[in-house]
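Numbering of the sequence shown is given in the numbering used here, commencing with residue 18 and proceeding in unit increments. Beta carbons: idealized from backbone N, C-alpha and C, even for Gly.
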Amino acid sequence: YATRMLLKNRGFTTVVVLTLALGIGATTAIFSVINIVIFNPLPGPEPDRLIQIGERTHNNKDVPGFGGLNAESVEMLRTKKEFFSEVVWWEGLYLERKGADFIENLPGVAVSSNFFRAWNIRPILGHTFANGESARMIDQRTLNRDTAAVLSYSFWQTRYGGDPYVLGKTIELGERHLTITGVMPPHFQFPEGASPKFWVPVESPNPREESANIRMFARLKPGITAAKTQAMLDLIARQLLRANPSRYEDTWHRRGGGFGILMRPLRHEFTQTHYGADDLQRTLWALLAAISFVLLIVCVNVANLMLARTENRQQELAIRAAIGAGRVRLMRQLLTESVLLAALGALGGLFVAIFGMKVLISLIPETIPRLKPIHLDSSLLMGSLLVSGLTALVFGLVPALHASRSSVSDSLKQAGTGATMSFGWRRYRGALVITEVALSLILLTGAGLMIKSVDRLLHANMGFDLENVLIVHPGLLRGEKYYFSDRAAAVYQALYDELHDRFAALPGVKAAGIYKIDFFELGYTLEGQEKSIGLLPAGTGVGDSDLFRAVGIPLLAGRYFEKADIGNRVGTVIVNQTMARFCWPGENALNKKFCDKSGRLYEVIGVVRDARIGFRQLSIDEIEPTFYRPYHADAHGGGYGPYFLLRTEGDPEKLIPPIREIIKSVESSMTTPWFEVARKTLYDSTEAQRTYMSYLIVFSVVGLILAALGIYGVLAYSVARRTREIGIRIAIGAGRSQVINMIMRAGIRLAAIGIGLGALAAFYLMRLLQHQLYEVRPTDPAVFSGVVLLLLCVALAACYLPARRAAKVDPMEALRYE
Numbered sequence: 018y019a020t021r022m023l024l025k026n027r028g029f030t031t032v033v034v035l036t037l038a039l040g041i042g043a044t045t046a047i048f049s050v051i052n053i054v055i056f057n058p059l060p061g062p063e064p065d066r067l068i069q070i071g072e073r074t075h076n077n078k079d080v081p082g083f084g085g086l087n088a089e090s091v092e093m094l095r096t097k098k099e100f101f102s103e104v105v106w107w108e109g110l111y112l113e114r115k116g117a118d119f120i121e122n123l124p125g126v127a128v129s130s131n132f133f134r135a136w137n138i139r140p141i142l143g144h145t146f147a148n149g150e151s152a153r154m155i156d157q158r159t160l161n162r163d164t165a166a167v168l169s170y171s172f173w174q175t176r177y178g179g180d181p182y183v184l185g186k187t188i189e190l191g192e193r194h195l196t197i198t199g200v201m202p203p204h205f206q207f208p209e210g211a212s213p214k215f216w217v218p219v220e221s222p223n224p225r226e227e228s229a230n231i232r233m234f235a236r237l238k239p240g241i242t243a244a245k246t247q248a249m250l251d252l253i254a255r256q257l258l259r260a261n262p263s264r265y266e267d268t269w270h271r272r273g274g275g276f277g278i279l280m281r282p283l284r285h286e287f288t289q290t291h292y293g294a295d296d297l298q299r300t301l302w303a304l305l306a307a308i309s310f311v312l313l314i315v316c317v318n319v320a321n322l323m324l325a326r327t328e329n330r331q332q333e334l335a336i337r338a339a340i341g342a343g344r345v346r347l348m349r350q351l352l353t354e355s356v357l358l359a360a361l362g363a364l365g366g367l368f369v370a371i372f373g374m375k376v377l378i379s380l381i382p383e384t385i386p387r388l389k390p391i392h393l394d395s396s397l398l399m400g401s402l403l404v405s406g407l408t409a410l411v412f413g414l415v416p417a418l419h420a421s422r423s424s425v426s427d428s429l430k431q432a433g434t435g436a437t438m439s440f441g442w443r444r445y446r447g448a449l450v451i452t453e454v455a456l457s458l459i460l461l462t463g464a465g466l467m468i469k470s471v472d473r474l475l476h477a478n479m480g481f482d483l484e485n486v487l488i489v490h491p492g493l494l495r496g497e498k499y500y501f502s503d504r505a506a507a508v509y510q511a512l513y514d515e516l517h518d519r520f521a522a523l524p525g526v527k528a529a530g531i532y533k534i535d536f537f538e539l540g541y542t543l544e545g546q547e548k549s550i551g552l553l554p555a556g557t558g559v560g561d562s563d564l565f566r567a568v569g570i571p572l573l574a575g576r577y578f579e580k581a582d583i584g585n586r587v588g589t590v591i592v593n594q595t596m597a598r599f600c601w602p603g604e605n606a607l608n609k610k611f612c613d614k615s616g617r618l619y620e621v622i623g624v625v626r627d628a629r630i631g632f633r634q635l636s637i638d639e640i641e642p643t644f645y646r647p648y649h650a651d652a653h654g655g656g657y658g659p660y661f662l663l664r665t666e667g668d669p670e671k672l673i674p675p676i677r678e679i680i681k682s683v684e685s686s687m688t689t690p691w692f693e694v695a696r697k698t699l700y701d702s703t704e705a706q707r708t709y710m711s712y713l714i715v716f717s718v719v720g721l722i723l724a725a726l727g728i729y730g731v732l733a734y735s736v737a738r739r740t741r742e743i744g745i746r747i748a749i750g751a752g753r754s755q756v757i758n759m760i761m762r763a764g765i766r767l768a769a770i771g772i773g774l775g776a777l778a779a780f781y782l783m784r785l786l787q788h789q790l791y792e793v794r795p796t797d798p799a800v801f802s803g804v805v806l807l808l809l810c811v812a813l814a815a816c817y818l819p820a821r822r823a824a825k826v827d828p829m830e831a832l833r834y835e
């Protein structure tokens, strides 16, 4: 009977089932993704006993963070068997092989032999590492002997075309033959997301690694507490300080609280960068709050529809009671219908979740490390089903209780009047609609702010025009003449001068500049001061290869470099705006002097506008105080580059093939060059913000649809219940527009109250998004206005459909309605 009743009221059934399906499906999908990728990323038993160990670190502005370890620290920690039941480490390994045109540089990971056993994850082909296969690292590019290798799924697909017979084959890398023993599943992307191509076993970390570049984790033994472990780490840190004070008490280690070794739960590796700069926790909590709003909207919507449906059946229930049905019998009938609706909604939600998972997985940045496959979480699915099912049941039974307590005679007397529901029930249903609208406005506001923020990011002021700019990274140079020759600096300079001249001569190239950036170097001291500060050294070409004139970075004061400025003994520099303000606030930076820790003196001859050209690519990171020197003085030194920025007349990508040929003809003993189109690079750098924006858009669209369905459902049932009343109004002269206005006023009144309350809540809640916004205020008036206008338009559409139906009521049919 319940099935027949639901089929008889197809509109009500469709709206409720669709609402439940959207809520259950969307909630389950996003909870499953976030739970597996971030909050429960570690496979295997007792993940809470897995810890990560690293040095206390910081950035150039003394913001504390969590770094890696050097080889000495790792070796000391490996001996602490009374604390750890298992110790695992990994380190970047870059092996090279001679390709058809250039030396191919493949990023991999050198890992301890128990690396894969720690996760208890089996490869899809072959096996992982066996005893006796481990090699020793000589440096980050060299192993002492041939060994085994396990391939990543993506590398197996791209390099070997998914060949199932790849096991046992060898690949020559770094003058060693690596025997392929296994292929990991596609979801295994650890560490560093999808970047590593392979893993090889090593006996111990690179002994030459004095920098903190080794990542290490351990499994605590049962009974070992975090406090006891940290005390042991503090003791090791003191031992290292006493044994090698020159290494651990340098300028870098004295910053950020001094040298120390810290521990943290390993799951933090999946939510934070190595330096703790981009903590994802706040973002994820915001996403969880947003999806909770969606689920709450679902509950409210179902409650409203069930209330409207049950209220519309008061006379039916009264007749049933009059002919002998007891309260339990009435509630049982409504309970059966509610269970059936919940079951249909759950079935629809399963399909929505399966589709939603595919969409959400495609939005996960490849840089996020993963160990577990993403799938529908059964416990989360059951939780969503339980919440939505209870909503359907509770709000199906509450009106039944009200009906069972009402007077049968009073309900039967109303049978011919088509009386509307009581004021209390109308107010209750109206409150539910208001709640839906308010929650939807909060979600829409968050999505609107993120859309505007991403748009600002994509059109950020980078300090120069990005259009038609190609960044050329020639690759790393190999060969004795670049490492051991006394004329290494001259060889470097001649090579880059020739590359520049040939690039500039290409048809379609308007200008070519050379740029080089060093690692952070501390210990610069301003003239007249004692305290050292952190500055970023960079290099530029001179004359035709001048970076500033090539890409259009304007000179604000002073002059550009001239050929007379080239030379180690010449200390002229050009500084950016940030350095001028940071070092000499309120003063003219020209002719100011500062020196490095060796006592070398530099003098400022020019100030240029800030430009966001980072280590390897363009980014929206905060601009550092930077000074420029002619790159010739340190062309072959540390850091990144030199590389080229070319201003082109047309599409920069069309110049990549001829540029590759030029590099190959000039110097083939270098690693494969790579290229960046400036505009696309900027777009790629906003991946995290765009992912977050996409999630919020999905949530807000679902919320908006549910709110529209809620408004429409309430008004549609109101019109159906007031059919006789509307017919009488039309019979005594009410026009079509009057009837439409009457119905729409009721809906718009509810929407307006919901919009007002939602805007007030959003005004305070949007401050939680501050860390995700770029040049957008959380209370941006344009976004708030646009969201209010959009919600009003949707509310008007949801109100108009029932109102138009009411205006078409035939008075004669309406009078015979009951």
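By DSSP's assignment, Leu663 forms a beta bridge with Leu487, Ala529.
Judged by DSSP in its simplified three-state form, Trp216 adopts strand. Secondary structure of Ser129 (DSSP, three-state): strand. The beta carbon of Leu512 sits closer than 8 angstroms to the beta carbons of Leu494, Val683, Glu684 from its chain, once the five residues preceding and following it are set aside; these are given in chain order. Per the coordinates, the alpha-carbon of Gly463 lies some 14 angstroms from the alpha-carbon of Val719. By the Cβ-count criterion, Ile141 is exposed, with fewer than 16 other Cβ atoms from all chains shown falling within 10 Å of its own Cβ. The Cβ neighbour count for Tyr18, taken over all protein chains shown within 10 Å, is under 16; the residue is labelled exposed.
For Cys612, DSSP records a beta bridge to Thr542, Leu618. The continuous beta strand (DSSP E) containing Val590 extends over residues 589 to 593. With 16 or more other CB atoms across the displayed protein chains lying within 10 angstroms of its CB, Lys609 is buried.
In the three-state reduction of the DSSP assignment, Ala338 falls in the helix class. Listed as beta-bridge partners of Met280 by DSSP are Ile70.
Taking C-alpha positions only, Asp118 is separated from Ser686 by approximately 9 angstroms. Residue burial annotation: His392 is exposed, with fewer than 16 other C-beta atoms found within 10 angstroms of its C-beta.
Per DSSP, reduced to three states, the secondary structure at Phe520 is helical.
Under the DSSP definition of a beta bridge, Ala574 partners with Val624. In this structure, Gly210 places its C-beta atom within 7 angstroms of the C-beta atom of Ile385. Between the region 195 to 213 and the region 159 to 169, the count of C-beta pairs closer than 8 angstroms reaches three or more; the two stretches touch. DSSP places Ile138 in no beta strand (DSSP E); its state is neither H nor E. In the displayed model, Trp601 falls within coil according to three-state DSSP, outside both helix and strand. With fewer than 16 other Cβ atoms inside 10 Å of its own Cβ, Gly116 counts as exposed. Comparing alpha-carbon positions, the option among Ser549, Glu547, Val489, Thr542 lying closest to Ala529 turns out to be Val489. CA-CA distance, Pro202 to Asp613, rounds to 50 angstroms.
Taking 7 angstroms as the cut-off, the beta carbon of Leu123 is found closer than this to the beta carbon of Leu112. DSSP places Ser686 in the coil class of the three-state scheme, outside both helix and strand. Membership of Ala43 in the alpha helix (DSSP H) is indicated by the continuous run 27 to 51. Annotated as proximal: Met280 and Gln247, with beta-carbon spacing under 7 angstroms. Cβ-Cβ distances below 6 angstroms link Tyr712 to Leu304 in the same chain, with the five nearest sequence neighbours on each side left out; the list follows chain order. Judged by beta-carbon spacing, Arg473 lies within the 7 angstroms limit of Glu792, meaning their Cβ atoms are closer than that value. C-alpha of Arg446 to C-alpha of Glu286: approximately 47 angstroms in a straight line. Taking all protein chains in view, the Cβ of Cys600 is crowded by 16 or more other Cβ atoms within 10 Å, so the residue is classified as buried.
The Cβ atoms of Gly480 and Ala606 do not sit closer than 7 angstroms to each other.
Beta-bridge pairing by DSSP links Trp691 to His490. Beyond the five residues adjoining it in sequence on each side, Ala38 comes within less than 7 angstroms, by CB distance, of Gly362, Gly365, Gly366, Val369 in the same chain, given in chain order.
In the structure shown, the three-state DSSP call for Val317 is helix. Taking a 10 Å sphere around the C-beta of Asn318, we find 16 or more other C-beta atoms and assign the residue as buried.
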